[in-house]
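Novice: Submitted below is the structure of interest, expressed as structure tokens.
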Amino acid sequence: MTTITVEEAARFIGEEIILRGWVYNKRSSGKIIFLQIRDGTGVVQGVITQSDSPSLFVTADKLSRESSVVVEGTLQADSRAPGGCELKIEQIQIIQQPSEPFPIELKAQSPGFLMDHRHLWIRTGRQVPILRIRDSVFRAIRDFFHEHGFIATEAPILTGASVEGTTTLFDIDYFGTKAYLAQSGQLYLEATAMALGKVYWIGPVFRAERSKTRKHLTEFWMAEAETAFYDHNDNMRLQEELVAYIVETVIDERGQELDYLKRDTALLREQVSLPFPRVTYDEAITMLQDSGHKISSGDDFGAPQEAALGDRFRKPVFVEYFPASMKPFYMKHVPEKPSRVLAADLIAPEGYGELIGGSQRVDTLNELEKQLDEKKLPREAYEWYLDLRRYGSVPHSGFGLGIARTIAWICGIHHIREAIPFARQINRLYP
RNA sequence: UCCUCGGUAGCUCAAUUGGCAGAGCGCUCGGCUGUUAACCGAACGGUUGUAGGUUCGAGUCCUACCCGAGGAGCCA
Numbered sequence: 027m028t029t030i031t032v033e034e035a036a037r038f039i040g041e042e043i044i045l046r047g048w049v050y051n052k053r054s055s056g057k058i059i060f061l062q063i064r065d066g067t068g069v070v071q072g073v074i075t076q077s078d079s080p081s082l083f084v085t086a087d088k089l090s091r092e093s094s095v096v097v098e099g100t101l102q103a104d105s106r107a108p109g110g111c112e113l114k115i116e117q118i119q120i121i122q123q124p125s126e127p128f129p130i131e132l133k134a135q136s137p138g139f140l141m142d143h144r145h146l147w148i149r150t151g152r153q154v155p156i157l158r159i160r161d162s163v164f165r166a167i168r169d170f171f172h173e174h175g176f177i178a179t180e181a182p183i184l185t186g187a188s189v190e191g192t193t194t195l196f197d198i199d200y201f202g203t204k205a206y207l208a209q210s211g212q213l214y215l216e217a218t219a220m221a222l223g224k225v226y227w228i229g230p231v232f233r234a235e236r237s238k239t240r241k242h243l244t245e246f247w248m249a250e251a252e253t254a255f256y257d258h259n260d261n262m263r264l265q266e267e268l269v270a271y272i273v274e275t276v277i278d279e280r281g282q283e284l285d286y287l288k289r290d291t292a293l294l295r296e297q298v299s300l301p302f303p304r305v306t307y308d309e310a311i312t313m314l315q316d317s318g319h320k321i322s323s324g325d326d327f328g329a330p331q332e333a334a335l336g337d338r339f340r341k342p343v344f345v346e347y348f349p350a351s352m353k354p355f356y357m358k359h360v361p362e363k364p365s366r367v368l369a370a371d372l373i374a375p376e377g378y379g380e381l382i383g384g385s386q387r388v389d390t391l392n393e394l395e396k397q398l399d400e401k402k403l404p405r406e407a408y409e410w411y412l413d414l415r416r417y418g419s420v421p422h423s424g425f426g427l428g429i430a431r432t433i434a435w436i437c438g439i440h441h442i443r444e445a446i447p448f449a450r451q452i453n454r455l456y457p
């Protein structure tokens with residue numbers, strides 16, 4: 027007898043199989059019991075009648091939600107079962123039976139309660155499809171970069187200095203001196219790009235901002251890439267190809283999950299048809315002003331403005347050439363217009379916010395020193411980084427993609443706390 | 001950090017002008033041979049977030065604090 031997973035069930039119709047999993051729900055009607063059994067790959071309905079097996083019926087009747095079981099039986103096609111296939115159960119081995127009711131119900135519960143029980147919530151409803159899509163997103167990112175000749179590398183999480191100098195950092199005691207949790211791997215990727223040419227990494231980054239919105243976490247995963255000899259335009263082309271590749275991969279691999287989430291895949295495909303529209307910061311300001319937004323040149327976009335840009339283009343849109351004053355020291359200034367930088371943010375449609383921030387980096391020592399001074403950053407802390415401009419500096423560009431936001435957008439879910447197994451938020455460090 | 005809303009049974013929520021603490025779901029028990037968040041019946045379930053105050057009387061009004069949610073700013 028073959029041990030199978032739920033997602034393989036359709037291929038084993040008519041066969042006797044073994045399935046290992048958990049009781050997702052139980053329904054009964056007189057002398058017949060229906061067990062919904064989940065195993066992480068899906069949910070399948072099992073059926074037991076009293077007349078066929080009185081003792082098995084008694085066993086099944088005892089089971090409660092999230093009992094762990096190994097069941098044996100015959101798979102049969104049945105249009106009455108969810109998914110069109112059900113397991114006629116012939117034997118049940120109970121591994122463990124909860125003594126208390128499972129806290130997560132199949133009815134609506136409040137976000138606070140669900141987040142308090144996140145370790146259990148992830149077993150139910152749309153959480154499983156979302157986490158399976160998350161897996162596909164990570165793998166798509168790795169595949170994309172691998173196919174494009176990028177080398178996977180790593181940046182340290184424990185660092186001695188800030189990348190951007192502005193964001194609030196988590197500090198920790200490091201043998202008597204102060205260390206910080208990384209808010210980005212970028213500067214280190216610039217170093218490895220000078221060693222390896224084309225590099226990327228996927229890693230967690232940390233920001234101690236007191237943000238409390240559906241788009242923010244204090245710990246989140248970023249995919250960052252850095253490419254030697256790439257300019258601003260090469261950089262944006264790489265970004266849009268990456269985003270389109272991720273979305274198409276998820277549509278191909280996780281159609282069932284997207285279907286469960288009721289996500290319109292035709293719309294997603296349309297959204298990622300290339301190229302993505304590009305507007306300059308100044309054009310975007312004018313557009314927003316024309317449509318009644320209170321914003322003036324030099325202001326950063328707020329959430330409503332980002333949403334308005336997304337609505338206008340109905341696709342991810344690049345906003346490029348931001349005022350240098352708004353952006354960090356490492357971005358290269360536009361040669362013909364030094365008040366602007368060779369940077370672009372990729373704004374998601376449907377109000378999911380900024381997916382990517384990227385730029386061409388300052389590549390001469392003089393200019394980098396000047397920018398550090400202008401932003402009032404301590405040059406000593408960046409000595410190693412300045413070395414990159416002393417020894418064979420080349421034009422180079424890079425970006426960082428917020429993975430949870432990307433997943434939230436692909437899944438069409440409202441809050442990114444569901445796009446990561448265990449979200450870290452300003453007031454949540456547990457579970 | 002700021003703004004808004006909220007905290008009543010394990011969960012989701014009611015409770016009229018300040019006047020007996022209520023329902024659905026879950027759990028338990030009973031019924032039902034095709035259920036689809038099953039359904040029907042019964043039982044169980046309460047220091048109304050905490051501390052103080054006003055009042056004959058507070059879930060309800062006042063003060064402070066704690067916790068949660070949504071949003072802003074900042075960001076990816």
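Going from the first sequence to my numbering is simple: count from 1 and add 26.
Quick reminder that beta carbons are idealized off the backbone N, C-alpha and C, glycines included.
Owing to the predicted nature of the structure, the values given are computational and were not obtained by experimental measurement.
Could you name each continuous alpha helix (DSSP H) segment of 4 residues or more that falls completely within the segment 105-166, going from the start of the chain to the end?
Specialist: For the segment 105-166, whole alpha helix (DSSP H) runs of length 4 or above, ordered along the chain, are 137-142, 144-147.
Novice: The beta strand (DSSP E) that contains residue 422, what's its start and end?
Specialist: Its beta strand (DSSP E) spans residues 422-428.
Novice: In terms of alpha-carbon separation, which member of 354, 432, 382, 83 lies closest to residue 395?
Specialist: Closest by alpha carbon: 354.
Novice: Looking at the unbroken beta strand (DSSP E) that takes in residue 205, where does it start and where does it end?
Specialist: Residues 203-207.
Novice: Comparing C-alpha positions only, which one of 425, 287, 95 sits nearest to residue 124?
Specialist: Nearest C-alpha to residue 124: 95.
Novice: Looking at C-alpha atoms only, which residue of 306, 51, 350, 202 is the closest neighbour of residue 365?
Specialist: Selected option, being the one with the closest Cα: 350.
Novice: Residues in the same chain with beta-carbon distance under 8 Å from residue 140, minus the five sequence neighbours each way, listed in chain order, please.
Specialist: Taken in chain order, the residues that qualify are 130, 147.
Novice: Just to confirm my understanding: we take residue 289, look at its own chain, exclude 5 residues before and 5 after, and list those with CB closer than 8 Å. What are they?
Specialist: The answer, listed in chain order, is 436, 437, 438.
Novice: DSSP state of residue 270, grouped into three classes?
Specialist: If DSSP states are grouped into helix, strand and coil, residue 270 belongs with the helices.
Novice: Less than 9 Å separating the beta-carbons of residue 98 and residue 76?
Specialist: Taking 9 Å as the Cβ cut-off, residue 98 and residue 76 do not qualify as a contacting pair.
Novice: What's the C-alpha gap between residue 55 and residue 285?
Specialist: Computed Cα separation, rounded: 30 Å.
Novice: Answer yes or no: do residue 45 and residue 52 have a C-beta to C-beta separation smaller than 9 Å?
Specialist: Not in contact: residue 45 and residue 52 (Cβ atoms no closer than 9 Å).
Novice: For the segment 333-389, list the beta strand (DSSP E) runs that are entirely contained and at least 3 residues long, ordered along the chain.
Specialist: DSSP runs (the beta strand (DSSP E)) wholly in the segment 333-389: 343-346, 363-367, 369-373, 380-386.
Novice: Using C-beta distances below 6 Å, list every residue in its chain close to residue 149, excluding the 5 sequence neighbours before and after it, in chain order.
Specialist: The answer is none, since no qualifying residue turns up.
Novice: Would you call residue 36 buried or exposed, if buried means 16 or more other Cβ atoms sit within 10 Å of its Cβ?
Specialist: Residue 36 comes out exposed.
Novice: Within the continuous beta strand (DSSP E) that includes residue 80, where are the two ends?
Specialist: Where residue 80 is concerned, there is no enclosing beta strand (DSSP E), although the alpha helix (DSSP H) it sits in stretches over 80-88.
Novice: With distances taken between CB atoms, is the gap from residue 241 to residue 329 smaller than 9 Å?
Specialist: Yes. Within cutoff.
Novice: Which residue marks the beginning of the beta strand (DSSP E) containing residue 199, and which one marks its end?
Specialist: Here the beta strand (DSSP E) through residue 199 covers 197-200.
Novice: In this structure, how does DSSP classify residue 330 when only helix, strand and coil are distinguished?
Specialist: Residue state, collapsed to three classes: helix.
Novice: Report the option in 381, 388, 357, 287 whose CA atom is closest to the CA atom of residue 475.
Specialist: Lying before the first or after the last residue shown, residue 475 is absent from the chain, which here runs from 27 to 457.
Novice: With DSSP as the reference, please indicate the residues paired to residue 185 in a beta bridge.
Specialist: BP columns for residue 185 point to 206.
Novice: For residue 403, does the three-state DSSP call read helix, strand or coil?
Specialist: Correct three-state label for residue 403: coil.
Novice: Please look up how many angstroms separate the CB atoms of residue 194 and residue 235, rounded, as I've assumed it's under 8 Å.
Specialist: About 5 Å; that satisfies the 8 Å criterion.
Novice: Quick one: what's got a C-beta closer than 6 Å to residue 30's C-beta in the same chain, skipping five residues either side?
Specialist: Closer than 6 Å at Cβ, skipping near neighbours: 38, 43.
Novice: Report buried or exposed for residue 423, applying the criterion of at least 16 other Cβ atoms within 10 angstroms of its Cβ.
Specialist: It is buried - the Cβ of residue 423 has at least 16 other Cβ atoms within 10 Å.
Novice: Just to check my reading of the structure: residue 233 and residue 218 have Cβ atoms closer than 8 Å, yes? What is that Cβ distance to the nearest angstrom?
Specialist: 22 Å between Cβ atoms; not a contact.
Novice: Taking the alpha-carbon of residue 390 as reference, which of 378, 368, 413 has the nearest alpha-carbon?
Specialist: Of the candidates 378, 368, 413, the one whose C-alpha sits nearest the C-alpha of residue 390 is 413.
Novice: Taking just the CA atoms, how far does residue 388 sit from residue 397?
Specialist: So the two alpha carbons sit approximately 9 Å from each other.
Novice: Measure the alpha-carbon distance for residue 138 versus residue 453 and round it to whole angstroms.
Specialist: Their backbone Cα atoms lie some 11 Å apart in a straight line.
Novice: Using 10 angstroms around the beta-carbon of residue 179, count the other beta-carbons present and answer buried if the total reaches 16, otherwise exposed.
Specialist: Flag for residue 179 reads buried.
Novice: Identify whether residue 453 lies in helix, strand or coil by the three-state DSSP scheme.
Specialist: If DSSP states are grouped into helix, strand and coil, residue 453 belongs with coil.
Novice: Which residue marks the beginning of the alpha helix (DSSP H) containing residue 314, and which one marks its end?
Specialist: First-last of the alpha helix (DSSP H) with residue 314: 307-316.
Novice: Looking at residue 379: is its Cβ nearer than 9 Å to the Cβ of residue 425?
Specialist: For residue 379 and residue 425, no; Cβs fall outside 9 Å.
Novice: Check for me: the alpha helix (DSSP H) holding residue 281 runs from which residue to which?
Specialist: Taken as a continuous stretch (DSSP letters only), the alpha helix (DSSP H) holding residue 281 covers 281-286.
Novice: Please name the residue in 254, 266, 145 whose C-alpha comes closest to that of residue 299.
Specialist: For the residues 254, 266, 145, the minimum Cα distance to residue 299 belongs to 266.
Novice: Could you please give the first and the last residue of the uninterrupted alpha helix (DSSP H) stretch that includes residue 216?
Specialist: Unbroken alpha helix (DSSP H) run through residue 216: 212-222.
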